[in-house]
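Engineer: Questions regarding the structure given below will be posed in turn.
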Amino acid sequence: MEAIDILKSNFFIALYAISWVLSVLKLPMYYDSTLKYFPIIIGYTLCTEILGALIYYVPDFTLFSEVEYASYTVLIYNIYDLIFFTYFFFVYKKSIKKVNIKKMIKYGTWIFLICFIINALIINPMLLELWYAYVTGSVLLIFSSIAYLLQLFQQNGIKENSLNILFWISIGLIIFHLGYTPITIIKNLNIKTITGNEYTILRTTHISLIILMYASFIIGFTKMKRYRF
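First residue of the sequence shown? That's 0 in numbering that gives the first Met the number 0, and the numbers climb one at a time after it.
Below, the structure is given as structure tokens:
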């Protein structure tokens, strides 16, 4: 496949790049907060998507010498999920003030990590998505994001909250994971019977959710004021 075709099929990667650039430019406004590593997470996301696209679309590009793994991108996304979820659990645990919610996130993180390990032992993480772990992490992330937003609205009005970068990040995370978690379940439960048309619908929905999430991130970076939490 030509480079231009790869770019057309993965145009949403441009949103990752824009978000990463903004996250770096705005870093002086939140470098001493719990979000100080967020540019690394976005940069890691960008690199993961580029690597995944290269493996999928370029036959001679592979990370593994074994033929059976040559065209598989699943492992890099399984590792990505582990890092992505763990990072945001840390952010919300530090950002939320209620002790009982903090404890729930702490215990939920351990449940996610245990689920990830068990899932990796049950199936081959180089060939199959660790979707039990993903769903567990997604549910906890949605809960944590909503808990943080509720805390914000108890403290501030909508205008003040709209200047908070984590407000927009939380909205983006909720939108994406509320939509993509059902897709993950449907896709994996019907992995052998899903049709081409159904896959196209799921992928289109997936891309739409990515666009909405990163649009929320970008809005947040353009509106944000100094963030210290």
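The C-beta atom is built at its ideal place from N, Cα and C for all residues, glycine as well.
Between the region 81-91 and the region 35-50, do at least 3 Cβ pairs fall closer than 8 Å?
Structural biologist: In short, these stretches touch, since the Cβ pair count reaches three.
Engineer: Assuming valine 57 is part of the alpha helix (DSSP H), what are its boundary residues?
Structural biologist: That residue, valine 57, is in no alpha helix (DSSP H); it is neither H nor E in DSSP.
Engineer: Reducing DSSP to helix, strand and coil, say where leucine 151 ends up.
Structural biologist: The answer is helix: DSSP assigns leucine 151 an H, G or I state.
Engineer: Just to confirm my understanding: we take leucine 17, look at its own chain, exclude 5 residues before and 5 after, and list those with CB closer than 8 Å. What are they?
Structural biologist: Before going on, a small fix: residue 17 reads as isoleucine here, not leucine. Hits under 8 Å: Tyr213, Ile217.
Engineer: Check for me: the alpha helix (DSSP H) holding glutamate 128 runs from which residue to which?
Structural biologist: Counting along the chain, glutamate 128 falls outside any alpha helix (DSSP H), and DSSP gives it neither H nor E.
Engineer: To the nearest whole angstrom, what separates the beta carbons of glycine 51 and isoleucine 78, a pair I think is in contact under 8 Å?
Structural biologist: That pair is no contact at about 12 Å.
Engineer: What would DSSP say about alanine 69, mapped onto helix, strand or coil?
Structural biologist: For alanine 69, the predicted structure reports a pLDDT of 44, less than 50, and the residue's modelled location is therefore unreliable. The matter cannot be settled from this model.
Engineer: If you drop the 5 nearest sequence neighbours on each side, which residues of the same chain put their C-beta closer than 7 Å to that of isoleucine 141?
Structural biologist: Within the same chain, isoleucine 141 has close Cβ partners Ile173, His176, Leu177.
Engineer: Go ahead and pull the three-state DSSP assignment for phenylalanine 166.
Structural biologist: Helix at phenylalanine 166.
Engineer: What does a CB cutoff of less than 6 Å around asparagine 160 pick up in its chain, not counting 5 residues either side in sequence?
Structural biologist: Counting only Cβ-Cβ distances below 6 Å, and skipping sequence neighbours, we find Leu151, Phe166.
Engineer: For threonine 33, which residues of its own chain have a beta-carbon under 7 Å away from its beta-carbon, when the five flanking residues on both sides are left out?
Structural biologist: Within the same chain, threonine 33 has close Cβ partners Val90, Lys93, Ser94, Phe228.
Engineer: Evaluate isoleucine 157 with the Cβ neighbour count: other Cβ atoms within 10 Å of its Cβ, from every protein chain shown; 16 or more gives buried, anything less gives exposed.
Structural biologist: It counts as exposed.
Engineer: Take every Cβ of the region 104-118, pair it with every Cβ of the region 180-199, and state whether three or more of those distances are shorter than 8 Å.
Structural biologist: The region 104-118 is not in contact with the region 180-199.
Engineer: Can you grab the Cα-Cα spacing for the pair threonine 183 / valine 134, in whole Å?
Structural biologist: Near 8 Å, if we compare the C-alpha coordinates of valine 134 and threonine 183.
Engineer: Relative to the alpha-carbon of tryptophan 109, which residue among Phe88, Asn155, Cys46, Thr44 has its alpha-carbon at the smallest distance?
Structural biologist: For tryptophan 109, the nearest C-alpha among the options comes from Phe88.
Engineer: If valine 73 sits next to leucine 21, beta carbons under 8 Å apart, how far is it from one beta carbon to the other, in whole angstroms?
Structural biologist: Not confirmed; about 30 Å, so no contact.
Engineer: Should asparagine 123 and alanine 132 be called a contact, given that it needs their Cβ atoms to be closer than 8 Å?
Structural biologist: No, the Cβ-Cβ distance between asparagine 123 and alanine 132 is not below 8 Å.
Engineer: Taking the alpha carbon of serine 169 as the point to measure from, which residue in Leu139, Thr192, Leu129 has its own alpha carbon closest?
Structural biologist: For the residues Leu139, Thr192, Leu129, the minimum Cα distance to serine 169 belongs to Leu139.
Engineer: What does the alpha-carbon distance come out to for the pair phenylalanine 11 and leucine 120?
Structural biologist: So the alpha carbons of these two residues sit roughly 33 Å apart.
Engineer: Indicate whether phenylalanine 220 and lysine 25 have their beta-carbon atoms separated by less than 8 Å.
Structural biologist: Going by C-beta atoms, phenylalanine 220 is nearer than 8 Å to lysine 25.
Engineer: Indicate the three-state DSSP secondary structure (helix, strand or coil) for methionine 28 in the structure shown.
Structural biologist: Of the three classes helix, strand and coil, the one that applies to methionine 28 here is helix, per DSSP.
Engineer: State buried or exposed for isoleucine 54, treating a residue as buried only when at least 16 other CB atoms are found within 10 Å of its CB.
Structural biologist: Answer is buried; the Cβ neighbour count reaches 16.
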